[in-house]
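Q:
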Amino acid sequence: VLHSDILVDKLNNLIINCTDCKTDYEKKIYYGNSNANVMIINDSATNNKEVIKYFNDLLKISELDLNDIFIVNAVSCVTTRKDRNDLVQRIPSRKECNNCKCFLNQAIKIVNPRIIISLGATALNQFIPGSNLLEYLNTKQVFNGIPTLINYSVKDLFDLTAYKSTQEIEDISCSILNTFNEAAKYIEFMKE
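Position one of the sequence shown corresponds to residue 3 (the working numbering), numbered consecutively onward.
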């Protein structure tokens, strides 16, 4: 067992047992190769099977090496609110983001990726509090000394389906896929 795998297991244990938000929300742990070159930071944890499947499908058709990825969530709890009689996912509060930031920072230190893919506003706000995703969309920034590609999250894509045309949704999907492929090309370039 690699040292980094042990550290990730300890970090996931801290996430599962975290009570900082004093809620009983379902938590999602970090997973993947703890020595990966690519870290993907999703917006926030989700239990929406459609979103998870679509995210995995995009990864499979991308040029990324699936064995060279480590996946985290900017916020580990599946944050929900009551809407009529259903529980629906909501945007995490600033306090929830701050409570999870230490887990995210620790994961970045453990994995030490060559490139980060930051998906969604919540993920971006972990690096630049109060930022507007649209201002940084499809850009490359450097956070903690690591090049970081910024795009919509797959969850955003599903949230936008009620407001956007089929073409706009397809454009956003292609944009996310292009970000994955740009990261893959960067890793290949770094290996040369």
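All C-beta atoms, glycine included, are put in the ideal place defined by N, C-alpha and C.
Pop quiz: E52 and F160 are said to be a contact at Cβ under 8 Å. What is the actual Cβ separation, rounded to whole angstroms?
A: One-based indexing of the sequence shown puts residue 52 at position 50. One-based indexing of the sequence shown puts residue 160 at position 158. That belief holds up - the Cβ atoms of E52 and F160 are roughly 7 Å apart, short of 8 Å.
Q: Candidates A125, V77, G34: which alpha carbon is nearest N11's?
A: The residue labelled residue 11 in the question sits at position 9 within the sequence shown. With the sequence shown as reference, residue 11 is identified as Asp, and Asn is not the correct amino acid for it. Closest by alpha carbon: G34.
Q: How far does the beta strand (DSSP E) with I73 in it extend, from its first residue to its last?
A: If you number the sequence shown from 1, residue 73 lands on position 71. Looking at the DSSP string, the run of the beta strand (DSSP E) that includes I73 is 71–75.
Q: Where does K157 land, buried or exposed, given buried means 16+ other C-beta within 10 angstroms?
A: One-based indexing of the sequence shown puts residue 157 at position 155. Buried, by the Cβ-count rule.
Q: Round the Cβ separation of T81 and S46 to the nearest angstrom and send it over; I've been treating them as touching at under 8 Å.
A: The residue given as residue 81 occupies position 79 in the sequence shown. The residue given as residue 46 occupies position 44 in the sequence shown. Correct: roughly 6 Å between the Cβ atoms.
Q: To the nearest angstrom, how far is it from the Cα of E1 to the Cα of I71?
A: A query on residue 1 cannot be resolved here, the shown segment of the chain reaching from 3 to 194 and no further.
Q: Under the assumption that S120 contacts I152 (Cβ atoms under 8 Å), give the Cβ distance between them as a whole number of angstroms.
A: Residue 120 sits at position 118 when you count from the first residue of the sequence shown. Residue 152 sits at position 150 when you count from the first residue of the sequence shown. Between I152 and S120 the Cβ distance is about 5 Å, and since that is below 8 Å, they are a contact.
Q: From the DSSP secondary-structure annotation, give me the bridge partner or partners of N151.
A: As a working note, residue 151 is residue 149 in the sequence shown. According to the sequence as given, residue 151 is Leu; it is not Asn. DSSP output for L151 lists I119, K142 as bridge partner(s).
Q: Do N127 and C99 have their C-beta atoms closer together than 8 Å?
A: On the sequence shown, position 125 is the one that residue 127 refers to. On the sequence shown, position 97 is the one that residue 99 refers to. Closer than 8 Å, so yes.
Q: Could you have a look at Y33 and say whether DSSP puts it in helix, strand or coil?
A: Indexing the sequence shown from 1 puts residue 33 at position 31. Strand at Y33.
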